[in-house]
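Asks: Under the numbering used here, read the sequence shown as residues 335 to 585, first letter to last.
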Amino acid sequence: YKIESETQEDSQSIFKLKKQKKEVQNRQINYHAIFNKDHAIKQQSNFDDLVGLQEGEIAINPNKFIKSVSLPRYQAVFFNTNNQFLRNINIRSALNMAANKKDLVPKLKDQTIIANPFFQFDNIKNIPDIKINIIQNLLIEAGLKLQNNQFYYNNQAIQLTLTYPNYQVNPSKNKTNQIIIEHLIENFKKIGIKLIPQQYDLDIFQNLLLKKEYDLILYGQDLGNNFDAFSFWHSSQAKPNKLNLSNLKDP
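Okay, here's the thing in structure tokens:
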């Protein structure tokens, strides 16, 4: 828009705007994401003329520059409520507490552990203490039976699979995931539930993810510039190829 005229009325300026016709030009931007030192070495030929530059400085080729990007992304374990066992909210609450995030903090010192993914609130870092007897009581109230430190459901020992990806381009993610997996196996065992890890290469993992074929899945979600997670949890997204990874719906 441009200002076509200006008038004064009751000590106020009133502007009349006129919409301008402007041709929109498409511009192609090529970028290379660098995850770590090893990945940078493999990608070196793409940014030789950027070596030694700081963010914002222009290379000899004026079309190249360095820009760091912070993505509002979190990683979590999602419970698939298509699994009849996991539809019970007491069972999900118990497993959530059993994750024992406070003990995970010193194992992942370079990561920020949060209580929940609702970034618009200030208390996401307030992780509550857990007590095994409270967790086990929740499971008993849900109809499970505890025998010899193992919970049973419909006379079957409870075993849940945890699906997670194998990152070949960024292997540091595999190290982080392995720490998380081992922590969860250990802490689920304490409350009497066996967790079976299942790692897949990305092509197979993505297929399982889209079809929602898993019990639990370890994965990350990128919220973009809007911290509202509405689109990730709405019932309309609880379908194959949709964003609601827990398939959570209104009762």
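Ideal Cβ positions, reconstructed from N, Cα and C, are used throughout, including at glycine.
This one's a predicted model, so the numbers in the text were calculated from it and none came from an experiment.
Select from 506, 424, 449 and 546 the residue whose C-alpha is nearest the C-alpha of residue 581.
Replies: For the residues 506, 424, 449 and 546, the minimum Cα distance to residue 581 belongs to 546.
Asks: Against chain D, with Cβ distances strictly below 7 Å, would residue 497 count as a contact?
Replies: Note that chain D does not occur in the displayed structure, where there is just one protein chain.
Asks: Where does residue 463 land, buried or exposed, given buried means 16+ other C-beta within 10 angstroms?
Replies: By the 10 Å Cβ count, residue 463 comes out exposed.
Asks: I'd like the span of the alpha helix (DSSP H) that includes residue 438, first residue to last.
Replies: Unbroken alpha helix (DSSP H) run through residue 438: 435-438.
Asks: Taking residue 584 as the reference, give the member of 447, 574 and 568 with the closest Cα.
Replies: When each option's Cα is compared against that of residue 584, the closest is 568.
Asks: Would you list, in sequence order, the uninterrupted alpha helix (DSSP H) runs of no fewer than 4 residues that lie entirely inside the segment 468-545?
Replies: Within the segment 468-545, the complete alpha helix (DSSP H) runs of at least 4 residues are 506-525 and 536-545.
Asks: Is residue 468 closer than 7 Å to residue 432 when the C-beta atoms are compared?
Replies: The answer is no: Cβ separation not under 7 Å.
Asks: Can we say the segment 528-537 touches the segment 472-479, given the rule of at least three CB pairs closer than 8 Å?
Replies: Verdict: no, contact absent.
Asks: Which of the three DSSP states, helix, strand or coil, is assigned to residue 550?
Replies: Note: residue 550 maps to strand in three-state DSSP.
Asks: Keeping to the same chain, check which residues put their C-beta closer than 6 Å to that of residue 492; ignore five residues upstream and five downstream.
Replies: Closer than 6 Å at Cβ, skipping near neighbours: 485 and 527.
Asks: Cβ atoms of residue 419 and residue 579: under 7 Å apart, would you say?
Replies: Taking 7 Å as the Cβ cut-off, residue 579 and residue 419 do not qualify as a contacting pair.
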